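What follows is a set of notes on a single structure, which appears directly below.
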Amino acid sequence: MARSPITRNGYNQLHKELENLKKVVRPQVIKAIEEARAHGDLNENAEYVAAKERQSFVEKKIREIEQKLANSEIMDHINPSCEKVGFASFVTLENLESGSEVTYQIVGPDESDISSGKISITSPLGNSLIGKGVNEEIEVKTPGGIKKYSILKIS
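The sequence shown: position 71 = 303 (my numbering), numbered continuously.
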């Protein structure tokens, strides 16, 4: 299985989330199950059922994060010269139709979050940017049609 690229910051955030789930959330859920159990008949105990469902969700999330961490490879800025877009680069783009500017960081698939300005290296836009330089133009096929961008800055 190919290892998934991740920034050091993304790896640290996943690790922090995992620690919180294991050391804070899991014990809270176990306590909620114990308290619900004390209320008697488990067949008609909505609190118990809800706590067990929450436990299942938390354990699944822990396994998912552990799997992501095990299958990820920390990659720092691949192109520190900032002449070309690479993994972990920050890229400022101009939408050639609207003239609006936006800045994204190229990250691994497990840490992408468009609302935080992080796009996956495997996304159509992220993939189109790799290896490109300042003042180059790209076209990206989106569900809303083809979008054209100019690269204004790489850092």
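Think of the CB as a built atom: it goes at the ideal place given N, C-alpha and C, for glycine as much as any other residue.
Predicted model, so just to flag it, every value in this text is computed and none were measured.
(1) For Gly358, report the span of its beta strand (DSSP E) as first-last.
(2) Does DSSP put Pro341 in a helix, a strand or coil?
(3) Return yes when the Cβ of Gly377 is within less than 8 Å of the Cβ of Val317, no when it is not.
(4) May I ask you to report which of helix, strand or coil DSSP gives Ile297?
(5) So, are the CB atoms of Ile351 and Ile338 less than 8 Å apart?
(6) Return yes when the C-beta of Ile353 is under 7 Å from any heavy atom of the ligand GTP, and no when it is not.
(7) Following the continuous beta strand (DSSP E) through Ile327, name the residue where it begins and the one where it ends.
(8) Name the two residues that bound the continuous alpha helix (DSSP H) containing Glu249.
(9) Given that a residue counts as buried once 16 or more other Cβ atoms are within 10 Å of its Cβ, and exposed if not, what is Ala278?
(10) Can you name, in chain order, every residue of its own chain whose Cβ lies under 7 Å from the Cβ of Ala268, other than the five neighbours on each side?
(11) Can you tell me whether DSSP reads Val281 as helix, strand or coil?
Quick answer:
(1) Here Gly358 belongs to no beta strand (DSSP E); instead the alpha helix (DSSP H) covers 356-361.
(2) helix
(3) no
(4) helix
(5) yes
(6) In the structure on display, the ligand GTP does not appear, and there are no ligands present to speak of.
(7) In the sequence under discussion, the amino acid at residue 327 is Asn, which differs from the Ile named in the question. Here the beta strand (DSSP E) through Asn327 covers 322-327.
(8) 240-252
(9) exposed
(10) Asn277, Glu279, Tyr280, Ala283
(11) helix
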